[in-house]
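Protein chains in written order, with the numbering used here: chain V, 27 to 527; chain D, 27 to 527.
C-beta atoms are modelled at their ideal positions from N, C-alpha and C, and glycine is treated no differently.
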C-alpha cells in the first residue's frame, strides 16, 4: 500500500468516524435523549454533518482518488482498491454537488421535524408538522435540482437509496406487482378469515423483548456486537462493524408488533455484522443498497420468521414463555394468525400480501408531492381516499394515516419507500437460490438451526458489503437479474394454502 | 453584536457541538455500548477530539478573539463579551500549546485503557492495565511539558481542572487538613462504633434507583432536561444545558451506594442545569472549576443529604419504600448509620471524615508517579501500605485498591483528585453563607423544600457558569477567600454529636 493510498484510507476512516458519530447522535435522540436536549441536538447533528460533508468534498480527497485510479485499475476490477475507489468516488461526486450550507440546513430542519413528529404522531396532530413537511418537500426538490438533468425529479432521490434505479423503472415494476396483488388480496379477503385473537392478549413487555431477542441471537445476531433498545419507530443503526444496534417498539396487547419488528431489524443487523472486516471504516462497510438491505430484513422476518417450519421448531418455546396465553392454542392456529391477511392501515403491521400496496401508495404520494400535483395540506385526505381504494379501509386518525411512518419526518420526501417492495422481490429470489443450493434448509430451520442459510447469505451477499452493486449481487447469487416471479410464487403458494384458494 | 463577534460565537458553538458529541460517545461507551464497539469507539473519540482541537487552534479563531478584545474591554470586565473572550482565550491558548497528534494519540490511548479497566477492575487484574497506565504517566508528563516552565510537573495538570491552583498550594492545604483529620478519625474510631447493619440488607435495585431519583428531582434536578443510567463508575455529563445526565451504580446489598452517588451526581447536574441559558454553546456554559463543581455535589450529597433535618423529612418515605428493611429502624439509628465513620478502603463509599485522607493519598501518589519516585509496578503495594498507615486498613484486592477509581484509567495522571478535597472545603463555606442569608433553610429542608437553598446557590454560583473564577465565586458568595475553618467546624460539630466526643 503506497503512501497516497494509505492517506486515502485514513481520510475515509475519519469521514466514517464523523458519520458514525452522527449515527450515534441520532440513535440517542430516538432512544434516551430527554426532550430538553432537542434544540442543541439539531445543532450538533448539523455541525457534524457539515464537517463530514466538508471532508468529503475536500479537493485533496478527490485528488487522492484520481491518483489511486491507475493502481486500482491494474489490480483489477474486483480488487479491494478498485471497489473502494469506485464507492468512494460515487460518494465524493454526490457530496460535491450539494452545497455545504444546504447539508447543514437540511440536517437541522430534519432534527426539528423529527422531534415535532414524535409528539405530533401520538397526538394525531398533522397540522403541527404540515408546514415543516411542506418545507421538506421543497428541500427534497431543491436537493434533486443539484443533480439535474434527470428524467424525473425523484430519480436523484431514489438513486440515493437504490443506486441506478429510476422512477420509471419502479413504476413499471409496481404496475406489474399491483396487477397481481389486487386480485390476490381480493381472493383472500373473500375467503373465510383467519382468527388472530390469540395474538391480541396481554403479553408482558419484558418477556416479549426477551423472546424476540433470543430468536435474533439464534439467527446469528451477535449481542457482543449489538444491542436492542426501544424507540417510537424500529430501526437498525451501525457505529462500526463491532457495534450494530437494533430498536423495536412493544405493544403489551399485541404479540406481533415487537416480535416481527425484532426479526426484521435483526435481518438488517445480520447483514452489517457479516460484512468483511477488512472493509471496516471504509465506504464499503455498508449494504449494497436499501433494497438489498430490505431483502434481508424481510427474508428473516417473513420467509423464515413467519414460516411453518420455523414455528414447528420454536412454537413450544413461545408457548413456554406465555403458557396462559398460548398454551391451548395449536401450532396451526398460531401460524395462520401470524399470517392473517387483512385490509389494514399501518404498513409496519401489515401482512406480506397487502404490504406491497402500502408501499406503492407511499411511492405514488412521494412522486405527486415532488411533482407539485399534491399539496401537503391535502395529504391526510388523499391518504384516506387512497387507503380506502387500495386497501379497502381508511385510517380513523392521521396517527395511523399519513403520520405513521418516520421517513418523511426525518429525511427526504422521495426515494424513501420503493426499497421495501424491491427488497420483497429480492428476498424470495435469494431464498429460492439458497434452497436450490441447500435443500436441507427448511429441515434445519425446523430444528432451530440457521447456520446453513446464514452462511449462504453471508458468502453470497453480506460479506461483500458495498463492494458489489445490487445487480451484481442478484446475478451472482441467483444467476438471474431481479425478477418478480419468485416473490409472487411464494405469496400464491403460502397464502393459497392458508386461505384454501 | 458585530459580524466578527457573531462569527466568533458561531465558531465557539461549533467547537461545543463537537465536544458535546465527544461527551456523548463517552457516555454511550460507559452505559450501553456493546464490547465489540470498543476499538472503533477509540478511533471515533480520537477523530472528534482532533477535529475540536484543530478548530480551537485555528489561527482564524485567535484573530477573532484579538479583534473582539477592544470591544469587550469597552463593555466592561463583567460583560458577557469580556467574560466570553477571557474563557475562550484561555481554552485557545491551552489548546495551541498541545500538538494535534498528541491529542489524538492520548484520546485513543484513554479509550483503550478505559475499556481494559472495565474488565480489569472486576477481575482485580492490575497487571492487565499496568503497562497502559505507565504509558498514561508518560503521556501526562509529556502533556505537562507543553506548558513548561512550571514549579511542579503536576501544575499544568492541576490547572486544567482547578485553574490557577498549583501543587504547592494544594500540598499546603492538605497538610493543614491532614493535621486535623488524623486526630479526628483517631478520636472517632476510639469511641463506640455506630451500627450500620440496617443499610446492609437486601434492597431491590429498581426501587433504590426510583427513590434516589425522586429525591434528586425534589432537589430540583429537571428530568425533562436529564436522565439517569447505570455505569461502573458514577458520573455527570452534559450534551447541552437542556441535556444534563447522571449515572450511578447500585448494590442490592447496600443502600448507601446508589442513594448517595445519585444525590452527589444530582448536585453536579443542578449546577449545570442552572447556568445562564445565554451561555449555551459557549465556553461559559460549564462549571467554574472542578473544585467548585465538587463543592456542589458534596453539598447536596452530604450537607443536605446526610443531615438530620433532611431525613426527619424524608425518612418516612424511605421506610414506606422499604418497609421490611427499615420499618422497625428508628430515624436516629438510620441517621447514625449513614454517617458511620470507619477506616475503609473505597473512596466513593467513604464517610465524610476519612474521605479527605483518601483524596490526599491519591494526590500524593499522582505527584510521586509524575516525579518518577514511584513506579507503576509498585503502585499496588504502595497503595496497600499507605492505606494501612493513613486509613488503618489495607484493601484485600487491587479492585478495592489502586484499580478502584476510573480517573487514571481514562485521563491524566495528575490533577484528578485535589478538586474533591477543595470542593469539600468550599461546600461548607458556601453552606454557612447560605444559612447566614436564610436561617430558615434547615426548617425548609426538614419540610422537604429545597427552593431557598437552591435559589441562593443558583444566584450566587450556578447562573454564572464559567463567567466567574472560583476565587470570584467564593469571595462573592461568602465575602471571604477559600478557608478550611467552616468545613472542619462542620465535621467537628456533626461527628462530635454522633460519636459523643
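For this session: Identify each residue in the stretch 157 to 171 of chain V for which the Cβ-Cβ distance to at least one residue of chain A is less than 7 Å, and report them in chain order.
Result: Protein chains V and D are contained in the structure displayed, whereas chain A is not.
Exercise. What's the gap between the Cα of residue 194 (chain V) and the Cα of residue 427 (chain V)?
Worked result: Start at 1 with the first residue of the first chain, and residue 194 (chain V) comes out as number 168. Start at 1 with the first residue of the first chain, and residue 427 (chain V) comes out as number 401. Note on geometry: alpha-carbon atoms of residue 194 (chain V) and residue 427 (chain V) lie some 26 Å from one another.
Problem set entry | Anticipated Cβ contact below 8 Å, residue 325 (chain V) with residue 282 (chain V), distance rounded | Position 299 of the first chain, counted from the start, is the residue given in the question as residue 325 (chain V). Position 256 of the first chain, counted from the start, is the residue given in the question as residue 282 (chain V). Not confirmed; about 18 Å, so no contact.
For this session: Would you check if the stretch 45 to 62 of chain D and the stretch 483 to 501 of chain V touch, i.e. whether three or more CB-CB distances between them fall below 8 Å?
Result: No contact exists between the stretch 483 to 501 of chain V and the stretch 45 to 62 of chain D.
Problem set entry | Three-way DSSP call (helix, strand, coil) for residue 272 (chain V) in this model | Counting from one through the first chain, the residue named residue 272 (chain V) turns up at place 246. In the three-state reduction of the DSSP assignment, residue 272 (chain V) falls in the strand class.
Exercise. On the three-state DSSP scale, how would you describe residue 234 (chain D)?
Worked result: In the second chain, counting from the first residue as 1, residue 234 (chain D) sits at position 208. Here residue 234 (chain D) sits in helix by DSSP.
Exercise. Taking the C-alpha atoms as reference points, what is the distance between residue 292 (chain V) and residue 259 (chain V)?
Worked result: To locate residue 292 (chain V), count along the first chain from 1; it is residue 266. To locate residue 259 (chain V), count along the first chain from 1; it is residue 233. For residue 292 (chain V) and residue 259 (chain V), the distance between alpha carbons rounds to 15 Å.
For this session: Starting from residue 520 (chain D), follow the beta strand (DSSP E) in both directions and report where the run begins and ends.
Result: On the second chain, residue 520 (chain D) is found 494 positions in, with the first residue counted as 1. Segment 511 to 525 is the alpha helix (DSSP H) holding residue 520 (chain D); no beta strand (DSSP E) there.
Problem set entry | Alpha carbon of residue 409 (chain V) to alpha carbon of residue 121 (chain V), nearest angstrom | Start at 1 with the first residue of the first chain, and residue 409 (chain V) comes out as number 383. Start at 1 with the first residue of the first chain, and residue 121 (chain V) comes out as number 95. Roughly 34 Å separates the two Cα atoms.
Exercise. Can you find a C-beta in chain D that's less than 7 Å from the C-beta of residue 74 (chain V)?
Worked result: Position 48 of the first chain, counting from 1, holds the residue named residue 74 (chain V). Yes, because at least one Cβ of chain D sits closer than 7 Å to the Cβ of residue 74 (chain V).
For this session: Report all residues from its chain with a CB closer than 6 Å to the CB of residue 323 (chain D); omit the five preceding and five following residues, and keep chain order.
Result: Taking the second chain and counting its residues from 1, one reaches residue 323 (chain D) at position 297. Cβ neighbours of residue 323 (chain D) beyond the five flanking positions: 290, 293, 294.
Exercise. Where does residue 266 (chain V) fall in DSSP's three states?
Worked result: Locating residue 266 (chain V) in the first chain gives position 240, counting from the first residue. Reduced to three states, the DSSP call for residue 266 (chain V) is strand.
Exercise. So residue 415 (chain V) is in the alpha helix (DSSP H); what residue range does that whole segment cover?
Worked result: Counting from 1 along the first chain, the entry for residue 415 (chain V) is found at position 389. Segment 405 to 417, the alpha helix (DSSP H) holding residue 415 (chain V).
Exercise. Does the Cβ-Cβ distance between residue 457 (chain D) and residue 245 (chain D) come in under 7 Å?
Worked result: Along the second chain, one-based indexing puts residue 457 (chain D) at 431. Along the second chain, one-based indexing puts residue 245 (chain D) at 219. The answer is no: Cβ separation not under 7 Å.
For this session: Can you tell me which of the three DSSP states residue 488 (chain D) falls into?
Result: Indexing the second chain from 1 puts residue 488 (chain D) at position 462. DSSP places residue 488 (chain D) in the helix class (H, G or I) of the three-state scheme.
Exercise. Do we get a CB-CB distance below 7 Å when we pair residue 94 (chain V) with the residues of chain D?
Worked result: By 1-based counting over the first chain, the position of residue 94 (chain V) is 68. Closer than 7 Å: no.
For this session: Please list, in chain order, all residues of the same chain as residue 400 (chain V) whose beta carbon is under 7 Å from its beta carbon, the five residues on each side excluded.
Result: As a first step, residue 400 (chain V) must be located in the first chain, where it is residue number 374. If we look at residue 400 (chain V) and ignore the five residues flanking it on each side, its Cβ neighbours are 391, 394, 408.
Exercise. Below 7 Å between beta carbons: does that hold for residue 376 (chain V) and residue 384 (chain V)?
Worked result: For the purposes of this step, residue 376 (chain V) is taken as residue 350 along the first chain, with counting starting at 1. For the purposes of this step, residue 384 (chain V) is taken as residue 358 along the first chain, with counting starting at 1. For residue 376 (chain V) and residue 384 (chain V), yes; Cβs fall inside 7 Å.
Problem set entry | Coil, strand or helix - residue 280 (chain D) by DSSP | Position 254 of the second chain, counting from 1, holds the residue named residue 280 (chain D). The three-state reading of DSSP puts residue 280 (chain D) in strand, counting E and B together.
Problem set entry | Proximity of residue 503 (chain D) and residue 459 (chain D) at Cβ, strictly below 7 Å | Translated into positions along the second chain, residue 503 (chain D) becomes position 477. Translated into positions along the second chain, residue 459 (chain D) becomes position 433. Against a cut-off of 7 Å, the Cβ pair of residue 459 (chain D) and residue 503 (chain D) comes out as a contact.
For this session: Give a yes or no on whether 7 Å exceeds the smallest Cβ distance from residue 298 (chain V) to chain D.
Result: Locating residue 298 (chain V) in the first chain gives position 272, counting from the first residue. Chain D, which has no Cβ nearer than 7 Å to the Cβ of residue 298 (chain V), makes this no.
Problem set entry | Range of the contiguous alpha helix (DSSP H) that encloses residue 1 (chain V) | Any property of residue 1 (chain V) remains undetermined from this structure, which presents chain V solely from 27 to 527.
Problem set entry | residue 274 (chain D) Cβ short of 6 Å to the ligand MN heavy atom set | Absent from the structure shown: the ligand MN. Ligands present: none.
For this session: Anything in chain V within Cβ reach of residue 266 (chain D), meaning under 7 Å, just list it in chain order.
Result: Numbered from 1 along the second chain, position 240 holds the residue referred to as residue 266 (chain D). Within 7 Å Cβ-Cβ: 63, 66.
Exercise. Could you give the distance in angstroms between the alpha-carbon of residue 179 (chain D) and the alpha-carbon of residue 351 (chain D)?
Worked result: Taking the second chain and counting its residues from 1, the one referred to as residue 179 (chain D) is at position 153. Taking the second chain and counting its residues from 1, the one referred to as residue 351 (chain D) is at position 325. Near 51 Å, if we compare the C-alpha coordinates of residue 351 (chain D) and residue 179 (chain D).
For this session: Determine the burial state of residue 28 (chain D): buried for a count of at least 16 other Cβ atoms within 10 Å of its Cβ, exposed for fewer.
Result: Numbered from 1 along the second chain, position 2 holds the residue referred to as residue 28 (chain D). Residue burial annotation: residue 28 (chain D) is exposed, with fewer than 16 other C-beta atoms found within 10 angstroms of its C-beta.
Exercise. Residue 312 (chain V) by DSSP, collapsed to three states: which one?
Worked result: Within the first chain, residue 312 (chain V) is the residue found at index 286, counting from 1. Residue 312 (chain V) sits in coil when the DSSP states are folded into three classes, being neither helix nor strand.
Problem set entry | Contact check, residue 76 (chain V) vs residue 130 (chain V), beta carbons under 7 Å | On the first chain, position 50 is the one that residue 76 (chain V) refers to. On the first chain, position 104 is the one that residue 130 (chain V) refers to. Contact annotation: residue 76 (chain V) and residue 130 (chain V) have beta-carbon atoms nearer than 7 Å.
Problem set entry | Unbroken alpha helix (DSSP H) run spanning residue 45 (chain V), endpoints | For the purposes of this step, residue 45 (chain V) is identified with residue 19 of the first chain, where counting begins at 1. Taken as a continuous stretch (DSSP letters only), the alpha helix (DSSP H) holding residue 45 (chain V) covers 29 to 57.
Problem set entry | Contiguous alpha helix (DSSP H) assignments of at least 4 residues, all confined to the stretch 409 to 472 of chain V | Unbroken alpha helix (DSSP H) stretches of 4 residues or longer found wholly inside the stretch 409 to 472 of chain V: 444 to 463, 467 to 472, given in chain order.
Exercise. Quick one: does residue 246 (chain V) have its CB under 7 Å from some CB of chain D?
Worked result: Within the first chain, numbered from 1, the residue matching residue 246 (chain V) stands at position 220. Output row for residue 246 (chain V): interface = no.
For this session: Counting only runs of 4+ residues fully inside the stretch 158 to 196 of chain D, write out the alpha helix (DSSP H) ranges in chain order.
Result: The qualifying runs are 181 to 187.
For this session: Kindly indicate if chain D contains any beta-carbon less than 7 Å away from that of residue 60 (chain V).
Result: For this step, residue 60 (chain V) is matched to residue 34 along the first chain. Cβ-Cβ to chain D under 7 Å: yes for residue 60 (chain V).
Problem set entry | Chain-ordered chain D contacts of residue 252 (chain V) [CB-CB under 8 Å] | The residue given as residue 252 (chain V) occupies position 226 in the first chain. Neighbours of residue 252 (chain V) on chain D, chain order: 60, 62.
For this session: For residue 370 (chain V), count neighbouring C-beta atoms within 10 Å of its own C-beta (all shown protein chains included) and say buried if the count is 16 or more, exposed if not.
Result: Your numbering for residue 370 (chain V) matches position 344 in the first chain. Its Cβ being crowded by 16 or more others within 10 Å, residue 370 (chain V) is buried.
Exercise. What does a CB cutoff of less than 7 Å around residue 101 (chain V) pick up in its chain, not counting 5 residues either side in sequence?
Worked result: For the purposes of this step, residue 101 (chain V) is taken as the residue at position 75 of the first chain. 107, 108.
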